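Enquirer:
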Amino acid sequence: MTRRKYVVGNWKMNGLKSALGEARSIFAAADAHPGVDVALCPPFTLIGAMAATAPGKAVGGQDCHSAASGAFTGSVAAPMLADAGASLVIVGHSERREGFGERDADIRAKAQAALAAGLSVILCVGEPQGVRESGGAIAYVLAQVEGSVPDSFDPQRFAIAYEPIWAIGTGLVPTVADVAAMHGAIRGALRERFGDAAESIRILYGGSVNGDNAAELLGAGDVDGALVGGASLTAAKFVPIIAAAAGL
Ligand code: PGA
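Heads up: take any position in the sequence shown, counting from 1, add 4, and you land on the numbering used here.
And the structure:
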């Protein structure tokens, strides 16, 4: 089973209209690597403009509500993302889990809403530092997978991102052996639950990925790509990661 490499930029709460040129440069450079799927997830406010300025490219949201519409001031529903031109959405990022109190059940509901709206999903999991240090990282992450991954979906439209919280934005990265062990454990859990369909689900690594470490991290067993924060904001930093994925 060959899974296409997938490199996704998460711009978080960064980017004004003046950043759209950077997105165009990233997508243009990605055209040189047709074997890699590339997506950018800008803030909600840029989705429509980015999708319009980069037709046919994968633009996504960073979160969505679990309801399709309603009295939820400040929230954005999955059908709204699709309507704005998004083709994917990230759910369950640790900055949502930790900062906004999102639990596995909430994230599962968001993933289901996104799939129902026709979006692809990247569902994030990952352990805090204390859990890693106490040796419980794999059990912790597998419990997140069990609790937040929906029961049925098209595996081509579903990816998991393993992002150890202590590696996000810190410059710290796990060893390649630890990444491979975690991804292998996630794949095993998916296989138990979904059988052969698990082979089509891409598992991305995220947390301080950059142009220097991408080849090593993305070359680890069961790593199908990267979810990139800081290094996705400019073409200069992001394109080398895409190129590294293309070289694997
Ligand atoms: P980082 O963020 O690449 O800046 O560490 C990754 C993420 O939070 O998705």
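Positions of the beta carbon are idealized from the N, C-alpha and C atoms, including for glycine. Note that the structure is a prediction, hence the values are computed from the model and not measured.
1) Note down, one range per segment and in chain order, each alpha helix (DSSP H) of at least 4 residues found wholly within the segment 127–181.
2) Leaving out five residues on either side along the sequence, give the residues of the same chain with a beta carbon under 6 Å from the beta carbon of Lys61.
3) In the DSSP output, what is Asp41 paired with across the bridge?
4) Out of Met84, Val11, Phe48, Lys9, point me to the one whose CA is closest to Leu20's CA.
5) Skipping 5 residues on each side, what residues in its chain have a beta carbon closer than 6 Å to that of Lys114?
6) From this set, Thr77, His37, Ile172, which residue's C-alpha is nearest Gln133's C-alpha?
7) Thinking C-beta only, is Ala218 closer than 8 Å to Ile245?
8) Which residues does DSSP pair with Ile207 in a beta bridge?
9) Please state if the CB of Val213 and the CB of Ala230 are separated by a distance shorter than 8 Å.
10) Quick one: residues with CB closer than 6 Å to any heavy atom of the ligand PGA, in chain order, please.
11) Mind checking Asp4: buried by the 16 CB within 10 Å criterion, or exposed?
12) By DSSP's criteria, Val243 is part of a beta bridge. Which residues make up the other side?
13) First and last residue of the alpha helix (DSSP H) that includes Gly52?
14) Can you check DSSP and say which residues form a bridge with Ile94?
15) Do you know how far the Cα of Ser204 is from the Cα of Val34?
16) Compare the C-alpha of Ser22 against each of Met186, Gly13, Leu50 and name the closest.
17) Considering only their Cβ atoms, is the gap separating Gly64 from Ser236 smaller than 8 Å?
18) Please say whether Leu208 and Ile142 have beta carbons closer to each other than 8 Å?
19) Report the partner residues of Ala62 according to the DSSP bridge assignment.
20) Go through its chain and collect everything with a Cβ distance to Leu221's Cβ below 8 Å, but skip five positions before and after it.
Expert: Walking through what the data contain:
1) 133–137, 141–152
2) Phe31
3) Tyr10
4) Phe48
5) Cys68, Ser70, Val95
6) Ile172
7) yes
8) Ile164
9) yes
10) Asn14, Glu167, Ile172, Gly173, Gly210, Gly211, Ser212, Val213, Leu231, Val232, Gly233, Gly234, Ala235
11) Any answer about residue 4 is impossible in this case: the structure gives the chain only from 5 up to 252.
12) BP columns for Val243 are empty, so no partner.
13) 48–57
14) Ile126
15) Inspection of the sequence shows that residue 34 is occupied by Ala rather than by Val. Roughly 23 Å between the two C-alpha positions.
16) Leu50
17) no
18) no
19) Ala43
20) Val177, Val180, Val183, Tyr209, Val213, Val227, Ala230
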